[in-house]
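Asker: Chains as they are written, first to last, in my numbering: chain R, -12 to 421; chain C, -12 to 421; chain G, -12 to 421. Even for Gly, the Cβ is constructed at its ideal location relative to N, Cα and C. Predicted model, so just to flag it, every value in this text is computed and none were measured. Before I ask anything, here is the structure I am working with.
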């Protein structure tokens, strides 16, 4: 039997400040889908969650893919004739196309330009680019930097390594009363980008703190993985475990502007979809719900047709729909304490409902039980109004036929989930439902 | 084989006047969930319906409940120091809280007030209160009466009895061609309240007169029972019969203002639900349809999950939503002949459709039969318009595949149920459907 | 395995001009449900389609019907006292009620009038009337002609024969890769009416030319049959073949004004219904979709409950909803090249989708396959936009679980069917779906 799990969320200010502090610490690290940046990031997260760190060797076959070589970078620059760094990796790690192969040499400007990426429509911003699976090198820079490059030839250096190594990810499993799992997953492969990546990591850490302190029906699995190849790797290595995942969310881009956004699972009407629908419908904030589409974050893999797991995705403004997305403008100023708190708060609300939700069976299904003799009904009849909790009791009795969950009763009755849950607890205490 | 049952409703004026006359005769009687008021009421109804009267002894176990002790009352009053009755049961039986235990004595005004109930927002009205399952006593009075009670001490008398006896209800069963039943139920436990209670009784009597004179496919069961405990008792004593109930309505509050209201069964899409939807959609009067909720009249018991019978509820303005509800203002002036007639008229329409509704099988399902040679189709082709009855014939032929009832054909085609029914009769007469 | 069948439609001007030429040739012929007019019509169609001509003897039993006697007519007139033809079949074959029995004699005007039909609301137009199954004779004439008939007696002649013979229809079957059939049917029983009848014949011929030149998964059956009795006859003689019909359309009234109209099959959600919904939704032209009703053209028979074939009906303004319907105003001026072309174009679009539509199975259903290594995905990551064809590829992979057809993927994703089809071809070429 599960007790009510309606714990109190930690104080809003402390919680969002802690999330922000973590983001600030992680911001400068140069992450990619492999390499020491990921290890360093997981090391910092480990201070707050006892993560198990997995290293999967280069070349390991994971479904249709192979673990790539490991990429690391020490320095990179473009120097002008005076020896001045006009593009400098040490100033911003977005300057190097992720997975750039090592390169050193003098390059004519017209040849160099084929390796340069800018955002002409935002001349101060540096774009973020990757080339994981095609061997090349490149620099990202602001349009203004490019405009200032007037010389004929530049000295180019990318001091990177791309060699046998491993792919690194972090995992933490919290057992609950049952082996049924709630999966929480965030990617950890972006360099100095705040909303797209670090906000998700911070939310996962806050969620861990909440879940870890509460009694729980479900077991929880937290994954901190490189995007795409990380979820493919985890699924390939844990194929048998996937069926234990009863609900899940991928968390990404939860600290920026825009209302909370939930993207449905491929199933479209999984319990997690209904829970987030309920949470958002019962909130006064602007928010939106998107149907599943096969583009996005790691839900693409969790929801692939061979798994079709009930995993949704939580965001604020969806990726690609805000101009700062995948640019240097997705920085510490772009995220807010309010958005971070609101995001984690709604996720905690969803977890609370998942924990409390279940279908009961009325033990007295033929006619109403006599509530009055159990003190569950007012003694004096004839009055116009029946109290909310009495109505909630009647709804739970009426629909507890084994096929309606408390969430469905809340949806059908229009009463709040908490009222329905309280009524169910009262009735269960009197052995009227089981 | 069932014939067309589209009998003619008795003349509107006579019918509604008879309903009103019955209400006037029943009005003065002090009813409760047990006692002589109920017996007297059933006796008057018996003049028009050959009711079988059931007496169920105090203490009989009915599901989670027990038949309570029987309550009777001869007199009750509050006298002032001059010996004048300032509150007098003989003037209005609402003055005593129903099931008040016997009491006699002098009571200080401050103690007496704990036993007094008023409606401050309607200073002239007397509220209606009950205390069936908690032993206490009390008086209901107008706020004006209370304001006039300025003395320190009053003489209080409740000359009631609460003792072993029985619960009384009336039942009448009209057999039809089949054992499948239509259940019609009204509560009979309210004292001098007109709309909430007596209007339902009057509608049941009128409906009996209609049904009794018509050929019928269904058997009909009329229940005149005390609210809640009465339906629980009937269901407990007739559990095996419940599965014969194919359709049912609880009738209550059908004489007051507001449009006709139908409250759906717990199933939500039972045939009775579709029938009333059809009747109301095809009427020009304002009306409304409510989803099931587990609060209300005896449909609460009939629709409890262990029975889940297809029993809806017919009303006008729903209980609790008009200020006169459960007050002395629900009196003879509150109800109207027009509302009574409209209510019974719509119920008769529903009964007619239930009687006529069935699914036929096209005996000639491959291509259309040649209607012309049977005189069912106009001889001269090429004209722009096809007559309504020819279209209805084509619809019945097309959808009589054993899985569409005539009502569903009416809904799908947009033609009136009567046209569809007439077409089916024509086709059945030619052995084209069965 | 089926290849892409997206052939090019012949040049619009040539195609619609050919349709119009055929209509002009067929226009003067006096057709009915039997007789030489039908044979002559089929002979002309045979110049373009190698039709098999069937002759079914009078009296043959076809379900509830019998093949009627064959009707032929040489001449008919009403002469005034001066011997002048005031109504002359040689001027317009609509003047005689179809299936009029032979008659010769002098008739008083008041008796004659019982045999005369006019359209008072359109005094210049001649109506079209038939009397296939009731032996009588009659003339149709304009109201103006009638007004001019001022004499007392007229000489009436109908030089027709109604005798043992046969019912004639034409059929052509084009085999495809599978025995699954697409049925295309048009009636051929109307005399000089252009839109209602001849436009359908012309569209069928154009569709035959298209289908015949393309590789095809489906087999196609073209029926040129008299209305009602023709489809009943075909179904009676080919009952066992009916189950091979996987999709079908009845074509009628496709050359006149008004937008393209598709009338759904009795099933309401057959694949042909979804295909035409898609075609019309993705067209900028005004168009409409009607639910099935059991009145109309030969879909009445194909969709009768004993067959319930997935056969819809394509039209422009539905029959009976334009004033020219079944009158002499449905002439060569009433139809347009534009309407004819648009009608055949939309039907070809539907055929293309039917041919290309199928459900694939993702051969790599666990996580996404690595598209990059197959050149199916852009190499440089991090950009805001993903190209249409990449999105289409992801949608096809996500929903190719054996239960979603390409059309359903197009509907669900919002991408065009062609994009989805192209993506599927690419993926099938890489053995990623099968």
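Can you check whether the C-beta of residue 113 of chain G is within less than 9 angstroms of a C-beta belonging to chain C?
Answerer: no
Asker: Just to confirm, are residue 155 of chain G and residue 213 of chain G a CB contact at a threshold of 9 angstroms?
Answerer: yes
Asker: DSSP state of residue -2 of chain R, grouped into three classes?
Answerer: coil
Asker: Kindly confirm or deny that the stretch 272 to 289 of chain R and the stretch 242 to 253 of chain R touch, where touching means at least three C-beta pairs closer than 8 angstroms.
Answerer: yes
Asker: If I follow the unbroken alpha helix (DSSP H) through residue 221 of chain R, where does it start and stop?
Answerer: Counting along the chain, the alpha helix (DSSP H) containing residue 221 of chain R begins and ends at 216 to 224.
Asker: Whose C-beta lies closer than 7 angstroms to the C-beta of residue 287 of chain C among residues of the same chain, with five residues either side of it excluded?
Answerer: 281
Asker: Under a three-way DSSP split, which group does residue 115 of chain R fall into?
Answerer: coil
Asker: Which residue's Cα is closest to the Cα of residue 48 of chain C: C:86, C:222, C:274, C:77?
Answerer: C:222
Asker: By Cβ distance below 6 angstroms, which residues in the same chain neighbour residue 24 of chain C in space, the five residues on each side in sequence not counted?
Answerer: So the qualifying residues of the chain are 16, 17, 18.
Asker: Considering only the alpha carbon of each residue, which of R:417, R:115, R:245, R:195 lies closest to residue 314 of chain R?
Answerer: Selected option, being the one with the closest Cα: R:115.
Asker: Please identify, using Cβ separations under 9 angstroms, the residues of the stretch 219 to 236 of chain C that lie next to chain G, in order along the chain.
Answerer: none
Asker: Please decide whether residue 281 of chain G counts as near chain R, where near means a Cβ-Cβ distance under 9 angstroms.
Answerer: Residue 281 of chain G has a beta carbon lying at 9 angstroms or more from every beta carbon in chain R.
Asker: Could you work out which residue in R:119, R:211, R:368 is closest to residue 28 of chain R when comparing CA atoms only?
Answerer: R:211
Asker: Against chain G, does residue 386 of chain C count as a neighbour if the rule is that its beta carbon must be under 9 angstroms from one of theirs?
Answerer: yes
Asker: Listed from N- to C-terminal order along the chain, which residues in the stretch 382 to 415 of chain R have their beta-carbon within a distance smaller than 8 angstroms of any beta-carbon of chain G?
Answerer: none
Asker: Would you call the CB atoms of residue 151 of chain R and residue 57 of chain R closer than 9 angstroms?
Answerer: In this structure, residue 151 of chain R places its C-beta atom within 9 angstroms of the C-beta atom of residue 57 of chain R.
Asker: Strictly under 9 angstroms for the Cβ-Cβ distance: is residue 298 of chain R near chain G by that measure?
Answerer: no
Asker: Do you know offhand how far residue 98 of chain C's Cα is from residue 91 of chain C's?
Answerer: 14 angstroms
Asker: On the premise that residue 246 of chain G lies in contact with residue 218 of chain G, defined as a C-beta separation below 8 angstroms, what is that separation, rounded to the nearest angstrom?
Answerer: About 26 angstroms separates the two Cβ atoms, so there is no contact after all.
Asker: Excluding the five sequence neighbours on either side, which residues of its own chain have a C-beta within less than 8 angstroms of the C-beta of residue 272 of chain C, listed in chain order?
Answerer: In the same chain as residue 272 of chain C, and ignoring 5 residues on each side of it, the C-beta atoms closer than 8 angstroms to its own belong to 246, 247, 329, in chain order.
Asker: Given 8 angstroms as the limit, tell me if residue 28 of chain R has its C-beta closer than that to any heavy atom belonging to the ligand ZN.
Answerer: Within the structure as shown, the ligand ZN is missing, as the structure has no ligands at all.
Asker: Can you give the Cα-Cα distance for residue 178 of chain R and residue 235 of chain G, rounded to whole angstroms?
Answerer: Going from the Cα of residue 178 of chain R to the Cα of residue 235 of chain G covers about 58 angstroms.
Asker: Report all residues from its chain with a CB closer than 7 angstroms to the CB of residue 80 of chain C; omit the five preceding and five following residues, and keep chain order.
Answerer: 17, 178, 179
Asker: In angstroms, rounded to a whole number, what distance separates the CA positions of residue 305 of chain C and residue 240 of chain C?
Answerer: 7 angstroms
Asker: By the three-class DSSP mapping on this structure, what secondary structure does residue 197 of chain G have?
Answerer: helix
Asker: Below 9 angstroms between beta carbons: does that hold for residue 14 of chain C and residue 181 of chain C?
Answerer: yes
Asker: For residue 148 of chain R, which option in R:88, R:44, R:133 has the closest C-alpha, if you only look at C-alpha atoms?
Answerer: Out of R:88, R:44, R:133, R:88 has the C-alpha closest to the C-alpha of residue 148 of chain R.
Asker: Taking DSSP as the reference, what is the three-state secondary structure of residue 84 of chain C?
Answerer: coil
Asker: Look at residue 193 of chain C and residue 2 of chain C and say whether their C-beta atoms are less than 9 angstroms apart.
Answerer: yes
Asker: With which residues is residue 301 of chain C paired in a DSSP beta bridge?
Answerer: C:238, C:249
Asker: By how many angstroms is the C-alpha of residue 38 of chain C removed from the C-alpha of residue 32 of chain C?
Answerer: 8 angstroms
Asker: For chain R, find out if any of its Cβ atoms is closer than 9 angstroms to the Cβ of residue 353 of chain G; answer yes or no.
Answerer: yes
Asker: Using a beta-carbon distance below 9 angstroms, is residue 144 of chain C in contact with chain R?
Answerer: no
Asker: If you follow the alpha helix (DSSP H) that residue 395 of chain R is part of, which residue opens it and which one closes it?
Answerer: 393 to 400
Asker: Is there at least one Cβ from chain G nearer than 9 angstroms to residue 121 of chain R's Cβ?
Answerer: yes
Asker: Tell me whether residue -10 of chain G is buried or exposed, calling it buried when 16 or more other Cβ atoms sit within 10 Å of its Cβ.
Answerer: Low per-residue confidence applies at residue -10 of chain G: pLDDT is 32, beneath 50, and the placement is therefore not dependable, though the value from the model is reported in the following sentence. Answer is exposed; the Cβ neighbour count stays below 16.
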